[in-house]
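Chains as they are written, first to last, in this note's numbering: chain A, 60 to 168; chain B, 510 to 622.
Now the structure itself:
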C-alpha cells in the first residue's frame, strides 16, 4: 500500500505551459516536503509545508498544503526545460519518511 | 554546512558476489540515516533507517543488511547479490526525531550481472 499517491505519473509539456502535480494521502501529515531529482543524482529538497492551507512560492513554483494536511500540490508557471526532472513528495509521521510515487516531468523546448 | 558522501558512484557486480556501499555525513552529529533503493524514474523504497550507532530498522525483508559502526557512517551490505538487487541506491540523513526534511547523497548505481 502506497501512503502517498502522486498524479500524474508522467507529464510532457511544451516550454511556457503551466502544470500542476498532485500528492494525495488518506493520512494526516504534520508536514510534507517536495523534492526534485535529476537523472543519476539524489533528490534535492525544494520546500517544506507545515501549516494546513499554507502556500509557498519558489520563483515560478507554487506549493500548497491542503487544509486537512492530507494532500499537497505543486504548480509550475511558464515551465522551462530546466524544470525537467522527477518530482517527489514526502512526509514523515515519525522517524521514517514516506515518499510519493513520483511525477516525471519533461519540458520540451 | 552539512555534506553527505556515497561511494562508489557506480558498481557492476556478478550474481552471488558480496556488496558493500558506504555513506558518510559531515557537519552534523547524531543524524538519522537512511538507505533507499529506487527503480528507474520511480519513487524511493525505504530499505533501512538508523536513529543511532548500532540501531538499525529494516523495512523490507531481503538479502541486504545495514550497519552503523560510527555516528556518521552507514553501510549497506550483502553476502550474495541477486539480479533483482540492481538499482539506484540512495543514502540520506535528517535531524533527529521530528525532523521535517531529508538530505540525500549522490547515489550509487548498482548493476548485478
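Positions of the beta carbon are idealized from the N, C-alpha and C atoms, including for glycine.
As summarised for the region 122-151 of chain A, the continuous beta strand (DSSP E) elements at least 3 residues long and confined to that stretch are 130-135 and 144-150, given in chain order. Beyond the five residues adjoining it in sequence on each side, residue 87(A) comes within less than 6 Å, by CB distance, of 128 and 129 in the same chain, given in chain order.
DSSP places residue 64(A) inside the beta strand (DSSP E), whose first and last residues are 64-66. Residue 123(A) holds the alpha-carbon nearest to the alpha-carbon of residue 110(A) among 123(A), 161(A) and 100(A).
Nearest Cα to residue 546(B) within the set 583(B), 516(B) and 596(B): 596(B). In terms of Cβ geometry, residue 62(A) and residue 93(A) do not form a close pair [threshold 7 Å]. For residue 89(A), no beta strand (DSSP E) segment is defined, and its DSSP state is neither H nor E. Under the three-state reduction of DSSP output, residue 592(B) falls in the helix class. Take residue 614(B), set aside five residues on each side of it, and the residues of its chain with a beta-carbon closer than 8 Å to its own are 513, 514, 515, 532, 599, 600 and 601, in chain order. Rounded to whole angstroms, residue 608(B) and residue 148(A) show a C-alpha spacing of 15 Å. Contact annotation, residue 80(A) with residue 65(A): C-beta distance approximately 7 Å; criterion of less than 8 Å satisfied. Chain-order list of chain B residues neighbouring residue 158(A): 552 and 553, by C-beta distance under 7 Å.
In the DSSP assignment, residue 579(B) falls within the beta strand (DSSP E) that extends over 573-579.
The criterion of a C-beta distance shorter than 7 Å is satisfied by residue 166(A) and residue 143(A). By the 16-neighbour rule on beta-carbons within 10 angstroms, residue 77(A) is exposed. Under a 10 Å Cβ-count criterion, residue 577(B) is classified as buried, with 16 or more other Cβ atoms of the shown protein chains found around its own Cβ.
In terms of Cβ geometry, residue 525(B) and residue 588(B) do not form a close pair [threshold 7 Å].
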